[in-house]
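Here's the structure we're looking at; comments come further down.
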Amino acid sequence: MMSTIKVVARFTVDRQQFDAFLPLGKELVQATLKEEGCIRYELVQDRKSPEVLIMLEEWESKSLLDKHMASEHFTRLVPQLVELSAAEPVIHVCKQLA
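And the structure:
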């Protein structure tokens with residue numbers, strides 16, 4: 001059995017942009033959860049640093065993750081999320097060790 005691909009995408013959002021970021025992030029989550037191979041896709045907020053929003057993702061395979069990154073909703077929404085962020089997002093594509 002192949003292990004799944006896990007992604008942690010960390011966005012730091014300007015406080016003035018939070019109300020614009022959140023509905024776009026929710027739209028991305030809702031559309032992505034319908035995709036083939038998507039096991040988990042959540043938008044969470046850091047409790048100590050509320051300007052930090054994190055996408056927690058799990059995918060069946062790298063090819064299905066790649067398909068997601070080429071999807072209409074990803075290519076439309078992610079550039080908007082980046083534009084609303086105070087810095088470039090930090091993305092970690094991970095493999096499970098234990």
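Residue numbers for the sequence shown follow the UniProt record's numbering, so the first one is 1 and each next one is one higher.
Yeah, the Cβ is synthetic: ideal placement off N, Cα and C, and Gly gets one too.
For this session: Could you have a look at Gln16 and say whether DSSP puts it in helix, strand or coil?
Result: helix
Exercise. Could you give the C-beta distance for Val29 and Leu43, rounded to a whole number, given that I count them as a contact under 8 Å?
Worked result: 5 Å
Exercise. Buried or exposed: Leu84, going by 16 or more other Cβ atoms within 10 Å of its Cβ?
Worked result: buried
For this session: Give the single residue among Arg10, Ile5, Lys6 whose Cα lies nearest to the Cα of Pro89.
Result: Arg10
Exercise. With a CB to CB cut of under 7 Å and the five nearest residues on each side skipped, what residues in its chain are close to Leu77?
Worked result: Leu24, Glu27, Leu28
Exercise. If Leu81 sits next to Phe18, beta carbons under 8 Å apart, how far is it from one beta carbon to the other, in whole angstroms?
Worked result: Actually they are not in contact, since the Cβ atoms of Leu81 and Phe18 sit about 12 Å apart, beyond 8 Å.
Exercise. Straight-line CA distance for Lys48 to Thr12?
Worked result: 13 Å
Exercise. Alpha carbon to alpha carbon, what distance is there between Gln45 and Thr75?
Worked result: 23 Å
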